[in-house]
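Read through the structure below, which is laid out as structure tokens, and then see the notes.
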Amino acid sequence: MTYGTFDLTGRRALVTGAGHGIGAAIALALAEAGADVVVHYGSSAAQAADVVQQIEALGRKAVAVGADVTSTVEVDRLVDEAVASLGGLEIVVCNAGHLVGRAAVEGMSDDHFSQVVEVNLGSTFRTVRAAIPHLRAAGPRGRVVTMASLAAHNGGGAGSAVYAAAKAGVLGLTRGLAKELAPHGVTVNALAPGFIGETSFHGTFTPPEVQQTIINGTPLKRAGTAGEVGGAVVWLCSEAGGFVTGSTVDIDGGAWFR
205 MTYGTFDLTG
215 RRALVTGAGH
225 GIGAAIALAL
235 AEAGADVVVH
245 YGSSAAQAAD
255 VVQQIEALGR
265 KAVAVGADVT
275 STVEVDRLVD
285 EAVASLGGLE
295 IVVCNAGHLV
305 GRAAVEGMSD
315 DHFSQVVEVN
325 LGSTFRTVRA
335 AIPHLRAAGP
345 RGRVVTMASL
355 AAHNGGGAGS
365 AVYAAAKAGV
375 LGLTRGLAKE
385 LAPHGVTVNA
395 LAPGFIGETS
405 FHGTFTPPEV
415 QQTIINGTPL
425 KRAGTAGEVG
435 GAVVWLCSEA
445 GGFVTGSTVD
455 IDGGAWFR
């Protein structure tokens with residue numbers, strides 16, 4: 205019986221929001237599995253350059269490309285540069301996203317609403333749309349991984365209702381894309397992380413006492429790591445994950461099923 209492998213040697217990947225945190229861990233995990241990686245960043249150019257150096261130290265090719273993922277023109281350029289730099293594209297990981305800021309729906313401005321939706325759902329739509337011709341050419345080697353959140357299931361914490369809605373939209377888009385790209389052999393799956401430590405997300409938006417409350421309410425009684433998210437991406441992008449599509453992988457220590 206053949207079980208498949210996690211070897212990504214020869215694969216070419218684009219990871220959005222890869223300058224730090226979960227995105228950087230994903231980029232490094234893909235490189236460790238053998239892939240060459242384009243490291244996208246929004247404003248963290250220096251951090252993205254450091255990720256590139258770490259990938260190159262693994263013997264893989266890496267290029268940092270900056271782009272505003274809320275702009276169609278910028279995203280189209282990003283994908284074009286990724287393809288030109290690597291000579292093709294088989295893997296697209298849509299990790300870019302942001303809470304923007306905690307705000308109750310009552311009194312929320314249209315601008316805040318639009319920012320949250322565009323940076324989370326809109327960026328995923330634009331990135332995959334631009335990459336589809338290259339993914340189609342990749343056939344059964346083609347992989348898309350989108351980034352949702354536990355918030356997509358449970359509505360999120362205080363002041364994150366629109367973020368939760370945008371991430372729920374990512375799940376719907378993922379399922380639709382899985383059907384649309386299945387005839388070409390391309391798989392499309394989502395990750396829904398729960399509380400992941402060692403990132404700036406919760407450090408910026410979640411007070412320490414709230415973080416501890418979240419951990420206490422997680423069945424595994426700990427925060428997840430960015431590396432654990434990266435490992436799930438490698439699985440989904442590998443031969444071993446080739447028959448998984450339209451699915452959501454919950455990386456939350458059991459928080460959603462409890």
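Quick note: our numbering has the sequence shown finishing at residue 462, numbered continuously throughout.
Ideal Cβ placement from N, Cα and C applies to all residues, glycine included.
Of the candidates 398, 258, 210, the residue whose Cα lies closest to the Cα of residue 355 is 398.
When C-beta atoms of the stretch 327 to 336 are compared with those of the stretch 265 to 285, three or more pairs fall below 8 Å, so the two segments count as touching. Closest in alpha carbon position to residue 440, among 341, 322, 349, 321, is 349.
With respect to the C-alpha of residue 344, the residue from 297, 227, 442, 221 having the closest C-alpha is 442. In the pairwise beta carbon analysis, the stretch 206 to 215 is classified as not touching the stretch 411 to 420: fewer than three pairs are separated by under 8 Å.
With respect to the 8 Å criterion, residue 374 and residue 352 are classified as neighbours on the basis of their beta carbons.
Within a 10 Å sphere around the beta-carbon of residue 291 sit fewer than 16 other beta-carbons, which makes this residue exposed. Cβ contact annotation for residue 256 (same chain, cutoff 8 Å, sequence separation greater than five): 243, 266, 267, 268, in chain order.
Taken atom to atom, the span from the alpha-carbon of residue 381 to that of residue 392 is near 7 Å. Ranking 390, 310, 314 by CA distance to the CA of residue 339 puts 390 first. By the Cβ rule, the stretch 306 to 320 counts as touching the stretch 354 to 370, because three or more pairs are nearer than 8 Å.
A contact between stretches requires three or more CB pairs, one per stretch, nearer than 8 Å, and the stretch 450 to 457 fails this requirement with the stretch 222 to 235. Spanning the alpha carbons of residue 286 and residue 294 requires a straight line of approximately 11 Å.
Take the alpha-carbon of residue 318 and the one of residue 208: they are about 42 Å apart.
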